[in-house]
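Step one of this worksheet: look at the structure below.
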Amino acid sequence: MTYMKKPNVRHPGLRKNDLGLTRRDYEGLVSTLCAGCGHDSISAAIIEACFELDLPAHRLAKLSGIGCSSKTPTYFLNRSHGFNSVHGRMPSIATGANLANRDLIYLGVSGDGDTASIGLGQFCHAMRRRVNMIYIVENNGTYGLTKGQFSATSDRVSKSKKGEANLFEAIDLCTLAIHLGAGFVARGFSGDKGHLVPLIKAAFRYNGFAFIDIVSPCVTFNDHEDSTKSYDYVRAHNEAMDRLDLVPEREEITAHTEEGQTTTVRMHDGSLMRLHKLDDNYDPCDSESALTTLRKRYAKGQVVTGLLHIDNTDADLHELLGTTKQPLNAVPMGDLCPGNAELAKINKSLR
Amino acid sequence: MKKINDFVVKFANVNGSGSASANLLFAKSLFRMGLSVVPKNVFPSNIQGLPTWYEVRVSQAGRRARRGRVDVMVAMNPQTYAQDLADIVPGGYLIYDSSLPRSFGREDVNVLGIPIARMCADAYVSPRERQLFKNVVYVGALTALLDMDFTVVKQTVRDRFKGNAKLVEPNVEALKMGREFARRNFTCPLPIRVKKVKAAKDRIMITGNEAAGLGCLYAGASVAAWYPITPSTSLVEAFERHARKYRQRKDGTSNVAIVQAEDELAAIGIVIGAAWNGARAFTSTSGPGISLMGEFLGLAYFAEVPFVLFDVQRGGPSTGMPTRTQQSDITACAYASHGDTKQVLLFPGDPKECFDLTVDAFDLAERLQTPVIVMSDLDIGMNEWVCDPLEWDDTRKHDRGKVMDAEMLDRAKSFGRYWDIDGDGITYRTLPGTHPTKGAFFTRGSSHDAFAAYTEDGQVNAENMDRLTRKFEMAASRMPKPVIRKTSRTSKLGIINFGSTEPAVREACDLLSREGYKLNTMRLRAFPFGKEVAKFAAKHDRIFVVEQNRDAQMRTLLINEAGIPPEKLVSVLDYEGMPLTAGWVKREIEAVIEKDKSVAKAMYLSAQAM
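Okay, structure coming up:
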């Protein structure tokens, strides 16, 4: 059996959200990943975030490439359409899907091989174009399905399970994303759900390209002592930069703002995001400061997590292209086809 | 050597010198005088400095193919003088820039020297004007030499610079400068000349890429993604130009999204994403782009995502001859991608058909839920062709295929994305966001069952593959029919061709007919082949397959997919990159027929001797 539906048993006391849905309504098939895989925790965090945000699942599309991470969209949001495309090309599929219908939410799920190696070009260009989507990389530093080769995000000091040294520098996807102008750049850890769920929720509320690099240990090939992507290593070196709160628009804002400690960002839909900084020396609204912090902390061997950079002032792809508010896939053919009288004029211009 | 409305003028220029615009002015003016013109631009893969030619055939009989050889050569490029001179027919004319005197060593051509560079140096101050107007001066001289209607030429200039009126007068003045010089120094007009004719009023002059771009506009395409590559670039550019006018809404936003992608992989990915989400989407490329799109073409075939892909073919393999024409991507496209895949191909024969078949391509793609590749080429795509006007039937309804909306989902007992409930191999799809609880499915390139779920069950996978075969076989009956032209009911000789070879094949066929060889022709317009193809093959013993590639790719496809016995199919192959001439096609076919006859005669004689 290669896929399994979860039994349709429901506890009568399950909490419902504003749409009258329970968490179960946001679930997918039973995961076929290894027991303890970090990716399953991320799927659970996505389910939790969607449930808490009262998202209508059918208004969301899940997109992925190839790899362990890219399998996960089958394990959450059964009521959403999904597209498991080809290796490293999810960003282009997401771009096109978004162009056809700007009203849906696009959630791209990728891995470090899918994004940092084969798909690096498409990843960069989707950010550059400011495609309105959430892009999650489930980053375990290894190729799981092909049994444990190094990936391009594997740190140079990290060793493979067999003890081989990694010859090459890691590509830091968050640094790259900030450089390329992504307006929402965050890093999470699959082992810290309390920190991760608010990050995902904030990404859903962001208008533009929201990137979350989630360190997600591979229990089978990259969870050993010399790995820098193991549960133990990340727990020991995790440096959370902030704590996030999302305040829905309808709630009265009573919380006070502590100078220098809390940054409040108004999201596109009117909701507020409060960022309680745990490190005074960086400003997430300033990309230079974020880059410096990332670099310095990386040199110390730390894994920096949190919302590293936010800029919600720039236009998204549709605004840049000047496309109509109506989803393009809903514009009637009558409005798209100019008709014979106009063709007669075009013919005339060709004489 | 009197030739009225029936000759070839060729311009030899240096590219980047502004000649293209003047040469087009010449061709367009003749077209507006009612003549049948066949302009061909022969250009290098370069921005400035290399040789480029522009050839215009004027045909009294309304022929649309190149003729070859040259009656009037305008030799403006010293790099190619020797070659250009050799192309002129005996008794023909050489026009050259006599600012620097030259000797040519050919007694049998008439040499007309015009000191063009000197005239422009005297008349203009800026180096740029001195260069650009040289081209207009020789066109001016031709208006006198060929007896062109100067009013028409002037009007063409005015239309050309509509919106930039201050350019009209200087251009007309330059034309007059050349015209006056010719009148004073030569006997005008030459025996080679034009005469205004009353042609069908409504003909148009258009490139295939522009017509295809208009086809996309009329088909209702709303998402286009592309990566620049010669000779396909002007297709999306034409779409964009027209979309700017026809897709603008009152609030200033537009009903179209066009993205120049980072490469062909992203271009086709964007198109697949948009098509999956219910927009009509297309991309346009040439051979190297097709190679890059291979993996995605397999995904779209297997996951059944409908979109349109244009392959404006150029010379291959590899980078090949980017500015020359070929039909050498046939098998690469028909079987594009790894594993068992087959793609639907359409073959337009001229720009008008580029428009018609583009609209059909979008309907077919959505009806069949598969990519449709429109196989154009550089000759159709980038050269101006004289065609009948484009037509649109306002009662035509775009065929959006089998898509279930929320209401249909509510009525249905169950939904399976790949569940063949109609038995025609085509299943129902739903678009994301349609229904809160029904109709969601997972699109994937991995093997799947009727409900789009992942499977490693070999039998389930084989059943799905068989359904795709059924769908493809059924598709054959929906394809545009081949165009069959019969010259004789009893002839056992036939020709099969497709695409831009049509004008040369048709003319060759008429020439052969005059010599007593009656050949029936079938111009293919689509793959998979309809039953007409095998039927035509059954009725003929010897069939010439004319194509512009080395490996007889269409012949291979006919043998593989239409089951035509290989011994019937004789290849007539050209892969030099120029549009074909009727003379060449005729000679190739004639040689085989003659050989067949001598073999038959020898066999008859040896049989008698026994």
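Protein chains in written order, with numbering that gives the first Met the number 0: chain A, 0 to 350; chain B, 0 to 609. We put the beta carbon where it would ideally sit given N, CA and C, even for glycine. Quantities reported herein were computed from a predicted structural model and do not represent experimental measurements.
| Item | Value |
| --- | --- |
| Cβ-based burial, A/HIS255 [other Cβ within 10 Å; buried from 16] | With a pLDDT of 42 at A/HIS255, under the threshold of 50, the modelled position of this residue cannot be trusted; read the value that follows with caution. Result: exposed. |
| Meets three-Cβ-pair contact criterion under 8 Å: the stretch 0-17 of chain B and the stretch 51-71 of chain B | yes |
| Pair within 8 Å by beta-carbon distance, A/GLY187 and A/ILE211 | yes |
| Test item: CB-CB of B/THR206 and B/GLY576 under 8 Å | no |
| Rounded C-alpha distance that separates A/GLU26 from A/PRO6 | 11 Å |
| CB contact below 8 Å: B/LEU298 versus chain A | yes |
| Sufficient close CB pairs (3 or more, under 8 Å) joining the stretch 336-349 of chain B to the stretch 253-267 of chain B | no |
| Closest by C-alpha distance to B/GLY268, when choosing among B/ASP362, B/ALA122, B/VAL544 and B/LEU308 | B/LEU308 |
| Euclidean distance between Cα positions of A/ASN131 and B/VAL402 | 26 Å |
| Min CB distance B/ILE289 to chain A below 8 Å | no |
| Cα-Cα separation, B/ILE115 to B/LYS517 | 50 Å |
| Cα-Cα separation between A/PHE220 and A/SER150, rounded to whole angstroms | 12 Å |
| Extent of the continuous beta strand (DSSP E) to which A/ALA60 belongs | 59-63 |
| Endpoints, alpha helix (DSSP H) assigned at B/PRO502 | 501-513 |
| Beta strand (DSSP E) segment containing B/PRO230, residue limits | That residue, B/PRO230, is in no beta strand (DSSP E); it is neither H nor E in DSSP. |
| Under 8 Å by beta carbon: chain B residues contacting A/GLU341 | TYR245 |
| contact_flag[the stretch 9-27 of chain A, the stretch 49-68 of chain A] where n(CB pairs < 8 Å) is 3 or more | yes |
| B/ASP262 vs B/TYR217 beta-carbon contact at 8 Å | no |
| Stretch pair the stretch 100-111 of chain B + the stretch 28-42 of chain B: three plus CB contacts closer than 8 Å | no |
| Where B/TRP275 sits in the DSSP three-state scheme | helix |
| Same chain only: Cβ atoms within 8 Å of B/SER290, ignoring 5 sequence neighbours per side | ALA331 |
| Unbroken stretches of the alpha helix (DSSP H), 4 residues or longer, contained in the stretch 31-76 of chain A | 37-51 and 67-70 |
| Cross-chain neighbours of B/ALA256 in chain A, by beta carbon under 7 Å | LEU98, LEU320, THR322 and LEU327 |
| B/GLY112 - DSSP class collapsed to helix/strand/coil | strand |
| Through-space distance from B/ILE592 to B/GLU514, alpha-carbon basis | 12 Å |
| Whole-angstrom distance between B/ALA335 and A/GLY305, CA atom to CA atom | 45 Å |
| Interface residues of chain B facing A/VAL330 [CB-CB closer than 7 Å] | SER221 and ASN254 |
| Cβ contact (3+ pairs, closer than 8 Å) linking the stretch 484-492 of chain B and the stretch 373-387 of chain B | no |
| Bridge partners - B/ALA280, DSSP secondary structure assignment | B/VAL222 |
| Chain B contact for A/VAL85 (CB, 8 Å cutoff) | yes |
| 8 Å contact criterion, which A/PHE45 and A/PHE75 should meet: CB distance rounded | According to the sequence as given, residue 45 of chain A is Ile; it is not Phe. Between A/PHE75 and A/ILE45 the Cβ distance is about 5 Å, and since that is below 8 Å, they are a contact. |
| Simplified DSSP assignment, three categories, for B/ASP470 | Before going on, a small fix: residue 470 of chain B reads as Lys here, not Asp. B/LYS470: helix per DSSP, three-state reduction. |
| N-terminal and C-terminal residue of the alpha helix (DSSP H) that A/ARG128 is part of | It is not in any alpha helix (DSSP H) - A/ARG128 carries neither H nor E in the DSSP assignment. |
| First through last residue of the alpha helix (DSSP H) which encompasses B/TYR80 | 80-85 |
| Simplified DSSP state of A/GLU26, which is helix, strand or coil | strand |
| Cβ-based neighbour list, A/SER68, same chain, cut-off 7 Å, excluding 5 preceding and 5 following | HIS38, VAL108, SER109, GLY110, ASP113 and GLU137 |
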